[in-house]
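In the working numbering, the protein residues as written are 751 to 853.
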């Protein structure tokens, strides 16, 4: 194969790869899940001040985060707040199934 043919193939490949459209996630019911990776039970709530639920070690709790669109031109999401005794975490969904670990 000549150098001219290799160059043409390289240009076609680069053009094809650079034109490939990125796939963005879009869903009406995004889900945020938090997993307790620590060794202690964690009292928690989803945005409320009263910590009425408990997340045991290894256990996962999930919350509906509503509508999500990750396309930068029309980006839309809802922040989900996970409250614990020592701190709270504002979780911004990055996919239709967002996972967050807590110690």
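Quick reminder that beta carbons are idealized off the backbone N, C-alpha and C, glycines included.
Query: Work out the CA separation of residue 790 and residue 777 for me, nearest whole Å.; Result: 34 Å
Query: Please confirm whether residue 845 and residue 775 have their CB atoms less than 8 Å apart.; Result: yes
Query: For residue 840, which option in 819, 773, 795 and 762 has the closest C-alpha, if you only look at C-alpha atoms?; Result: 795
Query: Any idea which residues DSSP pairs residue 801 with across the strands?; Result: Partner(s): none; residue 801 has no beta bridge.
Query: DSSP three-state label for residue 757, please.; Result: helix
Query: Measure the CB-CB distance between residue 887 and residue 811 and report whether it falls below 8 Å.; Result: Only positions 751 to 853 of the chain appear in this structure, which leaves residue 887 out of reach.
Query: Among 842, 803, 806 and 837, which one has its Cα closest to the Cα of residue 817?; Result: 842
Query: Leaving aside the five residues before and after residue 806 along the sequence, list all residues of the same chain whose C-beta is less than 6 Å from its C-beta, in chain order.; Result: 791
Query: Which residue from 760, 799, 813 and 757 puts its Cα closest to that of residue 835?; Result: 799
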